[in-house]
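Residue numbers are given in full-length UniProt numbering: position 51 of the sequence shown equals residue 51, and the series is strictly consecutive. Just so it is clear, CB atoms sit at the ideal spot from N, CA and C, and this is done for glycine as well. Nothing here was measured: the structure is a model prediction, and the numbers come from that model.
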Amino acid sequence: EASRSHPSRYVKLTKDQDASASGPGVEDIRPGELNLPVAVPQLERMKCFECGQVLPESHRAPADEPWTTGIFGCAEDPESCWTGLFCPCVLFGRNIQALREDIPWTTPCTCHAVCVEGGIALAILTAIFHGVDPDTSVLIGEGLVFGWWLCSIYTGNFRLQLQRRYHLENSPCPPGIVHCCFPWCANCQEHRERKGRLAESSVVPMTIINPPPLQEMSMVENNAPTSDNEASKAEHDDVEVPYETLG
1 EASRSHPSRY VKLTKDQDAS ASGPGVEDIR PGELNLPVAV PQLERMKCFE CGQVLPESHR
61 APADEPWTTG IFGCAEDPES CWTGLFCPCV LFGRNIQALR EDIPWTTPCT CHAVCVEGGI
121 ALAILTAIFH GVDPDTSVLI GEGLVFGWWL CSIYTGNFRL QLQRRYHLEN SPCPPGIVHC
181 CFPWCANCQE HRERKGRLAE SSVVPMTIIN PPPLQEMSMV ENNAPTSDNE ASKAEHDDVE
241 VPYETLG
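This is how it looks when you write it as structure tokens:
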């Protein structure tokens, strides 16, 4: 009786319709699937790559700037040139520590010394000693080439971070290829660029404040008002006020 007075609003499916609705061509909706968050591109905000701060909609990323020195300008800074030539691992570690304060310079220095300088030393020893089996030499050479490329990716990653921080262009080529072909020159160039950028940011224009001029009072100006006051006081004393005797 209740179903007759309040008819159901749902359409009852037959067995054939129910089987066709749950066929292989129909996607099943799992419980809670419709409540998952949906990515809306219009609501996504741009964030700063360095600090993660939300940027306004009118923000436009600055154009990439050229490097202040060239890749082969090592002679412009003799100190970094000699350090990068004889101790490239030390210069690389200092560059990383200046770029990432949470990483001590000894960690990248050790990694660079073991992988890069150690690989070069192993290649030289393999070429000097002819007693090594040719097949073994080929395997060592392939391992050195592969390790050199991995080290180039590792060192080029920090060069890429430097370029993103100061908006520098890929010059003369992407960071990984630069460190693969010119590792010593790349270290020196990054050191010069970082040193120059820090020097520019540390220069603060000085504000020159001139002191107020000294004010002097002469004795003539001080005595003039005094004499006027004394004359007016004497005139005031000489005034006779008439009075009458009351009888």
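What is the rounded straight-line gap between the Cα of residue i and the Cα of residue j?
i: R165; j: K195; result: 14 angstroms
i: S80; j: R45; result: 41 angstroms
i: F72; j: P211; result: 50 angstroms
i: L36; j: P175; result: 40 angstroms
i: N170; j: W148; result: 21 angstroms
i: W67; j: R192; result: 10 angstroms
i: G143; j: C115; result: 11 angstroms
i: C48; j: P56; result: 10 angstroms
i: V40; j: G156; result: 34 angstroms
i: F146; j: I120; result: 13 angstroms
i: H112; j: T69; result: 24 angstroms
i: A127; j: C109; result: 26 angstroms
i: D133; j: L139; result: 10 angstroms
i: E76; j: E65; result: 20 angstroms
i: W105; j: V38; result: 43 angstroms
i: I209; j: D102; result: 41 angstroms
Assign residue i to one of two classes, buried (16 or more other C-beta atoms within 10 Å of its C-beta) or exposed (fewer than that).
i: F129; result: exposed
i: Q53; result: exposed
i: G247; result: Confidence at G247 is low in this model, with a pLDDT of 46, below 50, so the placement of that residue should be treated as unreliable; the coordinate-derived value is given next. The residue is exposed, with fewer than 16 neighbouring Cβ atoms inside 10 Å.
i: R100; result: exposed
i: L91; result: buried
i: P78; result: exposed
i: Q215; result: exposed
i: E117; result: exposed
i: T83; result: buried
i: F158; result: buried
i: C173; result: exposed
By DSSP, does residue i sit in helix, in strand, or in coil?
i: E65; result: strand
i: V132; result: coil
i: K47; result: strand
i: N187; result: helix
i: L85; result: helix
i: L144; result: helix
i: L55; result: coil
i: A36; result: According to the sequence shown, residue 36 is Leu rather than Ala. Reduced to three states, the DSSP call for L36 is coil.
i: L168; result: strand
i: Q215; result: coil
i: G105; result: One detail in the question is off: residue 105 reads as Trp in this sequence, not Gly. In this structure, W105 counts as coil in the three-state DSSP scheme.
i: F182; result: coil
i: C173; result: coil
i: F92; result: helix
i: residue 253; result: Lying outside 1 to 247, the shown extent of the chain, residue 253 is not represented and no answer is given.
Looking only at C-alpha atoms, which of the options sits nearest to residue i?
i: G141; options: Y154, T155, S152, I124; result: I124
i: L162; options: A39, A98, P104; result: A98
i: H167; options: N187, H112, R197, P213; result: R197
i: L122; options: I96, S137, D133; result: S137
i: N187; options: P56, R94, E117, V145; result: R94
i: L160; options: V132, E190, P134; result: E190
i: T107; options: I96, V116, E117; result: I96
i: C74; options: E65, L139, C185; result: C185
Are the C-beta atoms of residue i and some chain D residue less than 8 angstroms apart?
i: T126; result: In the structure shown, chain D cannot be found, because there is only a single protein chain.
Practice prompt. Determine, using beta-carbon pairs with one atom in the segment 55–69 and one in the segment 85–93, whether at least three such pairs fall under 8 angstroms.
Written response: Contact between the segment 55–69 and the segment 85–93 is absent, because fewer than three Cβ pairs lie under 8 angstroms.
Worksheet item: Three or more beta-carbon pairs under 8 angstroms between the segment 169–186 and the segment 152–160, yes or no?
Response: With a cut-off of 8 angstroms, the segment 152–160 and the segment 169–186 count as touching, because enough Cβ pairs lie within range.
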